[in-house]
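These notes are about the structure you will find just below.
There are 4 protein chains.
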Amino acid sequence: MGSIYGDIFRISTFGESHGKAIGVIIDGCPSGISLSEEDIQEYLDRRKPGQSKFTTPRKEEDLCKIMSGVFEGLTTGTAIMVMVENTSQISKDYDKLADVYRPGHADYTYQEKYGIRDHRGGGRSSGRETIARVIAGAVAMKALKELGVNISAFTQSIGPVHVRCFDLEQCALNPLYMPDYEAALVAQDYVSRLIGEKDSAGGIISCIVRGLPVGIGEPVFDKLDAVLAKAMLSIGAVKGVEFGAGFAVASMKGSESNDAFFVKKDENGKRTISKRSNNAGGVLGGISDGSGLIMNVAIKPTSSISSKQFTVNKELEEVELEVGGRHDPLIVPRAVVVVEAMAAISIFDLMLRNMSARFENVKKVYG
Amino acid sequence: MGSIYGDIFRISTFGESHGKAIGVIIDGCPSGISLSEEDIQEYLDRRKPGQSKFTTPRKEEDLCKIMSGVFEGLTTGTAIMVMVENTSQISKDYDKLADVYRPGHADYTYQEKYGIRDHRGGGRSSGRETIARVIAGAVAMKALKELGVNISAFTQSIGPVHVRCFDLEQCALNPLYMPDYEAALVAQDYVSRLIGEKDSAGGIISCIVRGLPVGIGEPVFDKLDAVLAKAMLSIGAVKGVEFGAGFAVASMKGSESNDAFFVKKDENGKRTISKRSNNAGGVLGGISDGSGLIMNVAIKPTSSISSKQFTVNKELEEVELEVGGRHDPLIVPRAVVVVEAMAAISIFDLMLRNMSARFENVKKVYG
Amino acid sequence: MGSIYGDIFRISTFGESHGKAIGVIIDGCPSGISLSEEDIQEYLDRRKPGQSKFTTPRKEEDLCKIMSGVFEGLTTGTAIMVMVENTSQISKDYDKLADVYRPGHADYTYQEKYGIRDHRGGGRSSGRETIARVIAGAVAMKALKELGVNISAFTQSIGPVHVRCFDLEQCALNPLYMPDYEAALVAQDYVSRLIGEKDSAGGIISCIVRGLPVGIGEPVFDKLDAVLAKAMLSIGAVKGVEFGAGFAVASMKGSESNDAFFVKKDENGKRTISKRSNNAGGVLGGISDGSGLIMNVAIKPTSSISSKQFTVNKELEEVELEVGGRHDPLIVPRAVVVVEAMAAISIFDLMLRNMSARFENVKKVYG
Amino acid sequence: MGSIYGDIFRISTFGESHGKAIGVIIDGCPSGISLSEEDIQEYLDRRKPGQSKFTTPRKEEDLCKIMSGVFEGLTTGTAIMVMVENTSQISKDYDKLADVYRPGHADYTYQEKYGIRDHRGGGRSSGRETIARVIAGAVAMKALKELGVNISAFTQSIGPVHVRCFDLEQCALNPLYMPDYEAALVAQDYVSRLIGEKDSAGGIISCIVRGLPVGIGEPVFDKLDAVLAKAMLSIGAVKGVEFGAGFAVASMKGSESNDAFFVKKDENGKRTISKRSNNAGGVLGGISDGSGLIMNVAIKPTSSISSKQFTVNKELEEVELEVGGRHDPLIVPRAVVVVEAMAAISIFDLMLRNMSARFENVKKVYG
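Protein chains in written order, with the numbering used here: chain S, 5 to 371; chain P, 5 to 371; chain F, 5 to 371; chain A, 5 to 371.
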């Protein structure tokens with residue numbers, strides 16, 4: 005229990021790292037959205053390993069197949085199933101891990117919760133599980149773009165190296181997905197050193213949503229930021245989330261943190277309400293306020309490191325462990341698209357829920 | 005839509021700041037739990053205003069009434085309704101706010117989302133809404149205590165003033181609910197100064213959960229930390245949440261952040277698995293790992309400040325605003341019990357969901 | 005667990021027969037619907053006891069109070085709470101029933117399920133629980149009428165007496181709510197005789213929905229008829245439900261039961277698809293087909309009868325029982341409005357869900 | 005929206021008649037249940053076409069593959085995905101149906117709801133969709149059997165031919181799955197005649213559940229019978245459902261329909277509460293009462309008949325239609341296992357929900 009997410013645009017995911025396939029059923033996707041395997045593959049390729057020396061050298065093609073819910077290039081309104089078959093998984097690498105609890109991993113907690121676990125490559129708790137999220141995110145993103153909503157995530161920091169300037173086009177040009185050419189160079193140097201030390205790095209991913217209409221979010225529990233917070237923390241390796249000024253707001257005064265409203269005129273003289281600052285990060289009372297949504301997410305260093313670690317096995321013996329296999333020294337760049345995906349799924353779902361907030365919209369559809 | 009929370013222990017809340025009452029229906033509470041109005045009142049009194057000069061001088065007795073679901077002192081397994089009637093709300097104070105959007109508040113977003121809003125005291129987006137959460141939290145807490153689970157939240161920082169030592173008993177002795185006598189004095193001085201400046205302060209609340217069994221949390225989406233993150237961000241004024249080392253983990257190396265497992269022996273020679281550090285904050289792969297759960301929550305300064313602010317009204321005119329009324333210069337101490345309540349509701353719900361994780365537990369109940 | 009119903013227009017009910025109050029929170033009701041206590045009271049008065057000699061002579065005023073979610077006569081989009089305080093409940097009447105399991109009632113099953121029960125007047129399993137349903141139904145009905153959807157239920161049969169003609173206006177003119185003057189007379193005679201015998205009667209309620217747009221219902225599980233079937237069977241005393249030709253369809257041939265489509269022209273020459281018969285009862289593949297929705301519901305005779313019965317008590321002793329109190333010899337006429345209410349709630353919820361079925365509707369709202 | 009079913013044991017289905025595959029994700033299945041593809045195939049083979057001249061001669065092997073959630077023969081507690089690839093579907097047979105609305109089918113309503121439909125073989129509204137239900141039902145059945153719960157459905161009537169005696173073992177021996185040898189002969193004769201007339205037949209399926217503990221069902225909305233009613237009506241071709249005496253109860257008197265309780269002693273002198281009759285069908289107040297659960301389901305005649313029919317096409321023209329392809333003259337025998345499957349899924353889900361009804365059970369699991 006726990007592999008279903010969303011209220012209207014609902015996704016249901018399955019699959020273990022070394023099982024037959026990983027995939028997702030999307031229920032509640034509106035009909036009439038143009039959708040192809042290429043649309044989805046584009047996002048999957050961004051999370052694919054082996055893209056640079058900073059990600060695992062494992063070769064995984066991760067090709068997706070649409071199995072249902074799309075007819076003649078359009079979504080039909082019925083359940084969409086998309087999956088990626090696991091092809092290059094070598095299970096024997098993991099046999100010696102069957103009885104050992106790797107530090108930082110979910111081996112111990114799965115074993116205790118369920119009394120059994122598929123230990124191969126982390127089983128269900130593997131990062132490969134995010135394939136299903138990226139697929140569903142790609143579908144949501146397709147719809148959101150048509151609605152004028154744009155979601156971009158990028159690397160804000162790697163270990164101690166923070167970006168200092170912001171050029172979103174730069175992201176695709178460096179393997180760390182940082183919007184700052186110089187910071188990216190320094191960060192690459194930092195990670196290269198960690199690779200030499202058989203160690204790993206973490207970082208912060210930022211996500212910005214533009215074009216979101218005012219009114220998205222369902223108080224008092226399914227607030228926009230509350231829903232996104234859950235979405236983010238549901239991604240393995242995420243240890244914190246903040247919106248707008250985030251934790252920094254705790255040391256501000258009210259007169260500083262309040263964003264003053266003003267009236268903005270566009271070139272045609274059209275007047276709209278805007279804010280002079282955005283400490284709120286685009287959300288007031290759990291509802292989007294028309295400013296850009298700003299969210300930061302803390303990612304822990306990869307738990308799988310090659311250096312020697314102390315741990316415990318199933319028989320409650322203390323043992324030494326050297327995790328073999330091919331691991332990412334850093335998952336941050338590959339996690340960027342996962343953050344975007346979970347944001348897209350959550351926001352599209354809330355936009356569909358918001359459709360019935362006003363009775364005049366109900367009459368617009370049925371009138 | 006959005007006033008229902010939880011999957012098995014499900015709460016449904018209602019009520020506006022200046023409406024007739026605020027309350028909650030709790031559906032799915034197990035039968036046979038001893039419950040009285042006093043049990044609940046104890047928690048409500050902790051969020052009650054007027055407790056010190058650092059909270060609003062409004063007098064609100066906030067007395068709760070159990071309306072259903074309890075018979076002869078025990079929960080019956082049917083829906084429990086508890087409410088607090090609004091008695092001392094003076095609506096006319098707020099009449100001049102009917103058309104003005106207060107900075108930092110949800111006035112503008114509610115108006116845009118619904119096309120109508122109850123402007124009196126913030127209506128549904130008022131902090132008084134948390135009364136319903138505290139009621140439900142008190143019920144969950146009653147059950148959790150019997151199961152050996154203990155939840156304590158406290159003030160970690162007020163503005164720039166952080167606690168430096170940790171004595172939980174100290175919390176009840178100072179009006180700021182800080183576990184550090186000296187820090188509390190400094191913080192009181194800081195807030196007193198802000199009151200003089202007609203300004204307000206924020207802070208960080210920490211929450212620690214002890215006694216949680218291993219295995220709580222439902223991956224891949226309803227992970228323990230994911231569910232708690234949503235619970236926290238659903239509280240008005242919260243702008244961020246982190247677990248264990250939280251945002252600090254982003255700049256650690258994997259060899260630092262991984263918590264090593266070891267085997268602990270108790271006085272009777274019983275061996276259990278434990279961790280040498282707790283950067284994970286008690287959760288691995290979204291499931292409790294038997295260590296203390298550690299969570300920090302960032303609270304923004306009270307948005308209602310008495311000093312002059314610039315804003316906009318419904319007619320899209322820029323206006324000056326001085327928020328009158330009786331407001332908290334600081335909501336952190338009153339929010340502590342709300343954090344505990346939302347943690348309790350979420351954790352008890354996940355414990356009930358976990359009951360069916362193993363078939364051997366199903367057989368234990370039906371055998 | 006089990007007192008929450010619906011997906012978007014979600015209702016959460018509470019209250020025992022002899023508790024302090026019975027009521028409902030409606031979450032997800034669109035904003036901007038005009039709503040008053042009178043709108044609701046009109047429906048409550050139809051289920052009120054004491055309307056004729058065929059219903060219980062108990063005096064229950066059942067006056068409703070709107071406690072939240074309505075501001076200046078309009079729904080605000082936030083949770084609506086409405087309740088009826090219990091005033092005339094005399095608990096001592098029921099004391100002798102504390103340990104006895106009445107035949108046909110839920111006394112035994114509640115006791116076994118929860119280990120405790122509020123025995124006064126049936127507690128949570130009392131027919132008074134339907135007050136909450138009627139309240140929520142009245143709200144849904146208000147919205148449905150504005151959308152052109154009309155729901156009418158009536159008494160199809162009482163015991164062996166079936167209606168033979170159909171004049172809906174007749175219903176309000178006889179105490180049994182039958183659309184056939186003569187059948188109503190015969191049925192009144194039948195029930196009068198049963199009253200003399202300290203016995204009770206059952207019957208069939210039919211419900212017709214007109215004006216429902218094509219397309220309502222969410223296959224494959226939340227089909228229009230499936231959702232309505234659950235709604236009906238959730239009403240106490242209902243033992244069966246059927247749509248269109250219903251059980252009779254089982255003995256038809258395909259060539260008889262298939263409803264042929266044809267093209268209907270209205271006075272303006274507008275062509276629409278219609279059906280020559282309606283064995284399907286207005287639903288094809290779980291989706292409304294534009295014909296009138298037809299549903300029949302079987303109601304068992306009132307379980308509380310004054311004649312002597314054999315039963316068992318909590319101590320597993322066989323005892324004789326004479327149920328005192330003031331009971332309906334027949335609940336069918338009072339259940340008519342409950343059937344309408346549950347149909348209204350279910351249909352309005354499905355209409356809201358259907359809003360996002362097509363992406364063109366999503367763009368209509370956000371465009 | 006609508007392809008997810010259940011609250012704890014939650015299933016999510018996908019697949020069109022002529023798409024690549026049909027299948028299901030089961031989320032929330034407890035860990036530690038032994039499960040193989042053979043366990044599931046056994047049930048799929050019962051719904052497989054081509055078993056006799058009374059079912060479609062189409063050859064569909066319908067072999068299932070477990071894709072996730074099972075490790076070394078045991079469920080792991082994580083999402084179980086099982087699918088059947090579509091192999092023998094010949095789409096061109098259906099090309100001429102692309103624009104025609106078949107009577108009795110969902111062609112018209114899907115087109116109107118979604119603005120697009122996969123017309124091949126009925127697309128998502130095809131009877132092949134029940135493959136996913138049978139798979140999930142097989143898994144639930146595996147667990148239920150270990151808990152002592154036994155579910156058996158059988159054919160009660162075919163057209164006008166009703167069974168008169170009841171020998172469950174007889175069912176497997178005749179192609180109509182009737183528990184009465186003679187009735188089965190008469191019914192076969194009846195259907196043979198209809199085949200000659202290019203017509204089709206309907207019938208009634210009965211389902212009996214034995215061994216269900218007292219206490220299953222979650223009032224006031226998720227009552228055992230309410231949940232089952234939805235489950236049954238969600239199956240295509242079902243037009244009605246009734247419990248115990250069902251519609252017949254409407255013409256009984258209370259003194260007849262009430263089932264008297266008595267105390268039953270077994271050979272060891274153990275005393276339990278039992279009922280002298282079972283008009284209630286095993287459910288009181290929406291909760292199982294320990295008697296056998298009895299449910300009848302009305303199945304309409306197959307809508308696809310080979311004789312000429314009048315209908316309408318997408319261009320609103322009236323046309324004549326002869327449905328070609330290979331169709332069942334009768335789906336009742338193949339639907340028996342679908343009824344069992346939906347009953348099993350619903351009952352197992354309610355049993356898992358009931359685990360937390362009493363706090364003493366919560367303590368049993370965590371104590």
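Don't be surprised by glycine CBs; every beta carbon is placed ideally from N, CA and C.
Quantities reported herein were computed from a predicted structural model and do not represent experimental measurements.
Practice problem: Could you check the C-alpha separation between S:Ala-140 and P:Val-231 for me, to the nearest Å? | Solution: Computed Cα separation, rounded: 20 Å.
Exercise. Spell out whether any CB of chain S is found under 8 Å from the CB atom of A:Met-71.
Key: True, the Cβ-Cβ gap to chain S drops below 8 Å.
Quiz prompt | Nearest candidate by alpha-carbon position, reference P:Lys-257, set S:Lys-227, S:Ala-254 and S:Pro-164 | solution = A check of alpha carbon separations from P:Lys-257 across S:Lys-227, S:Ala-254 and S:Pro-164 identifies S:Pro-164 as the nearest.
Practice problem: Using beta-carbon positions only, say whether P:Phe-225 and S:Ala-302 come within less than 8 Å of one another. | Solution: Not a contact, by the Cβ cut-off of 8 Å.
Practice problem: Express the C-alpha separation of A:Phe-75 and F:Arg-137 in angstroms, rounding to a whole number. | Solution: One alpha carbon belongs to F:Arg-137, the other to A:Phe-75, and they sit about 46 Å apart.
Quiz item: Taking Cβ-Cβ distances below 7 Å as the criterion, which residues of the stretch 12-23 of chain S are in contact with chain P?
Solution: Listed by position, the residues of the stretch 12-23 of chain S near chain P (Cβ gap below 7 Å) are Thr-17.
Quiz item: How long is the line joining the alpha carbons of S:Tyr-185 and P:Ser-156, rounded to whole angstroms?
Solution: If you take the alpha carbons of S:Tyr-185 and P:Ser-156, they lie about 45 Å apart.
Quiz prompt | Proximity of S:Ala-233 and P:Ser-161 at Cβ, strictly below 8 Å | solution = For S:Ala-233 and P:Ser-161, no; Cβs fall outside 8 Å.
Quiz item: Does the beta carbon of F:Glu-46 sit closer than 8 Å to a beta carbon anywhere in chain A?
Solution: False, the Cβ-Cβ gap to chain A never drops below 8 Å.
Quiz prompt | Alpha-carbon to alpha-carbon, F:Ile-298 and F:Asn-282 | solution = Cα to Cα, F:Asn-282 sits roughly 9 Å from F:Ile-298.
Quiz item: With burial defined as no fewer than 16 other Cβ atoms inside 10 Å of the residue's Cβ, what is the status of A:Ala-348: buried or exposed?
Solution: It counts as buried.
Exercise. Could you pull the start and end residues of the alpha helix (DSSP H) that S:Glu-364 belongs to?
Key: S:Glu-364: member of the alpha helix (DSSP H) spanning 363-370, first to last residue.
Self-check item: Beta-carbon proximity of P:Gly-125 to S:Ala-110, cut-off 8 Å
Solution: Not in contact: P:Gly-125 and S:Ala-110 (Cβ atoms no closer than 8 Å).
Practice problem: Determine, using beta carbons only, whether A:Thr-113 comes closer than 8 Å to chain S. | Solution: Not one chain S Cβ lies under 8 Å of A:Thr-113.
Quiz item: Along the chain, which unbroken stretches of the alpha helix (DSSP H) at least 4 residues long are found entirely within the stretch 155-217 of chain A?
Solution: Counting whole runs of 4 or more residues, the stretch 155-217 of chain A contains the alpha helix (DSSP H) stretches 185-200.
Practice problem: Using a Cβ-Cβ cut-off of less than 8 Å, give me the residues of the stretch 127-145 of chain F that come near chain A, in sequence order. | Solution: Listed by position along the chain: Arg-128, Ser-129 and Glu-133.
Quiz item: Would the stretch 359-369 of chain S and the stretch 59-73 of chain F be scored as touching if the rule is three or more Cβ pairs under 8 Å?
Solution: Output reads no: the stretch 59-73 of chain F does not touch the stretch 359-369 of chain S.
Quiz item: From F:Glu-41, F:Glu-116 and F:Tyr-9, pick the residue whose C-alpha is nearest to that of F:Glu-319; which is it?
Solution: Per the Cα distances, F:Glu-116.
Quiz item: Which of the three DSSP states, helix, strand or coil, is assigned to F:Asn-283?
Solution: Reduced to three states, the DSSP call for F:Asn-283 is coil.
Exercise. Would you please verify whether the beta carbon of S:Gly-36 is less than 8 Å from any beta carbon of chain A?
Key: Contacts with chain A at 8 Å (Cβ-Cβ) include S:Gly-36.
Quiz item: Helix, strand or coil: which one does DSSP assign to S:Ile-349?
Solution: Look at S:Ile-349 here: in three-state DSSP terms it is helix.
Exercise. Would you check if the distance between the CB atom of A:Val-316 and the CB atom of F:Ile-277 is smaller than 8 Å?
Key: Yes, the Cβ-Cβ distance between A:Val-316 and F:Ile-277 is below 8 Å.
Practice problem: Let me know if A:Ser-40 comes out buried or exposed under the rule of 16 or more other beta-carbons within 10 Å of its beta-carbon. | Solution: Looking at its Cβ environment, which holds fewer than 16 other Cβ atoms inside 10 Å, A:Ser-40 is exposed.
Self-check item: Three-state secondary structure (DSSP) of S:Ser-72
Solution: Strand at S:Ser-72.
Exercise. Can you tell me which of the three DSSP states P:Phe-240 falls into?
Key: Position check: residue 240 of chain P holds Gly in this sequence, whereas Phe was assumed. In the structure shown, P:Gly-240 sits in coil (DSSP, three-state: anything other than H, G, I, E or B).
Self-check item: Under 9 Å from the C-beta of F:Gly-81: neighbouring residues of chain P
Solution: Using a Cβ-Cβ cut-off of 9 Å, F:Gly-81 is close to Met-5, Tyr-114, Lys-117, Tyr-118, Gly-119, Ile-120, Arg-121 and Arg-128 of chain P, given in chain order.
Quiz item: Expressed to the nearest angstrom, what Euclidean distance is found between the alpha-carbon atoms of S:Ala-25 and S:Val-343?
Solution: Distance between the alpha carbons of S:Ala-25 and S:Val-343 is about 22 Å.
Quiz item: Looking only at DSSP bridge pairs, what is P:Thr-79 linked to?
Solution: Answer is P:Val-74, bridged to P:Thr-79.
Quiz prompt | beta-carbon P:Met-359 near the ligand COA non-hydrogen atom, thresh 7 Å | solution = Absence of the ligand COA is noted for the structure shown, with no ligands found whatsoever.
Quiz item: What residues in its chain sit with their C-beta under 8 Å from that of F:Ser-7, if we drop five residues either side in the sequence?
Solution: For F:Ser-7, same chain residues with a beta-carbon under 8 Å away, outside a window of 5 residues either side, are Ser-16, Thr-17 and Phe-18 in chain order.
Quiz item: What whole-angstrom Cβ distance do F:Leu-48 and F:Asp-31 have, given they're in contact under 8 Å?
Solution: Going by Cβ atoms, the distance from F:Leu-48 to F:Asp-31 rounds to 21 Å, so no, they are not a contact pair.
Exercise. Give the interface partners of F:Leu-78 over in chain P, defined as CB-CB distance under 8 Å, in chain order.
Key: Under the 8 Å cutoff, chain P gives Ile-120.
Quiz item: Are the CB atoms of A:Pro-179 and A:Ser-56 nearer to each other than 8 Å?
Solution: A:Pro-179 places its beta carbon less than 8 Å from that of A:Ser-56.
Quiz item: Do you know whose CA, among A:His-22, A:Val-86, A:Leu-148 and A:Ile-335, lies nearest A:Ile-29's CA?
Solution: Nearest C-alpha to A:Ile-29: A:Val-86.
Self-check item: Inter-residue spacing [alpha-carbon to alpha-carbon] between P:Gly-51 and P:Ala-339
Solution: The sequence shown places Arg at residue 51 of chain P, rather than the Gly named in the question. Cα to Cα, P:Arg-51 sits roughly 7 Å from P:Ala-339.
Practice problem: Let me know the secondary structure DSSP gives P:Val-316 once reduced to three states. | Solution: Note: P:Val-316 maps to strand in three-state DSSP.
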